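In what follows, a single structure is set out as structure tokens and then discussed.
In the working numbering, the protein residues as written are 5 to 99.
What follows is the structure in structure tokens.
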């Protein structure tokens with residue numbers, strides 16, 4: 005089932021985010037089979053708004069929670085908050 009996960013970065017943690025970025029990208033590449041879409045939140049000028057959105061295909065809310073909590077951004081302390089929406093795309097996306 006697709007789950008949408010939205011994250012928000014801690015304020016003034018850009019340097020930490022930059023330090024963790026390659027590990028974060030490696031983690032995403034290791035989990036491509038779960039990712040329907042993901043990316044950083046950017047403004048119209050391409051400036052980082054601090055956080056990201058993931059659409060992941062996992063079996064349960066607990067699996068979505070586990071996925072985001074294993075992300076190096078989460079483990080490394082760069083994230084302030086996360087929200088998990090379930091069933092959001094259940095009538096739109098089918099695999």
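Every residue, glycine too, gets a C-beta built ideally from N, C-alpha and C.
Being a predicted model, the structure only gives us computed values, none of them experimental.
For residue 28, the three-state secondary structure derived from DSSP is helix. Nearest to residue 13 by alpha-carbon distance, out of 5, 7, 6, 22, is 22. A straight line joining the alpha-carbon of residue 67 with that of residue 45 spans about 23 Å. In the DSSP assignment, residue 8 is bridged to 59, 89. Spanning the alpha carbons of residue 48 and residue 54 requires a straight line of approximately 14 Å. By a beta-carbon distance limit of 8 Å, residue 41 contacts residue 59. Their separation comes to about 5 Å.
Sequence-distant Cβ neighbours of residue 89 in its own chain, meaning closer than 7 Å and more than five residues away, are 7, 8. When 17, 85, 78, 63 are compared, the shortest CA-CA separation from residue 31 is found for 78. When the beta-carbon positions are compared, residue 24 and residue 82 come within less than 7 Å of each other. Sequence-distant partners of residue 84 (beyond 5 residues in either direction) whose C-beta falls short of 7 Å from its own C-beta, in its chain, are 12, 13, 14.
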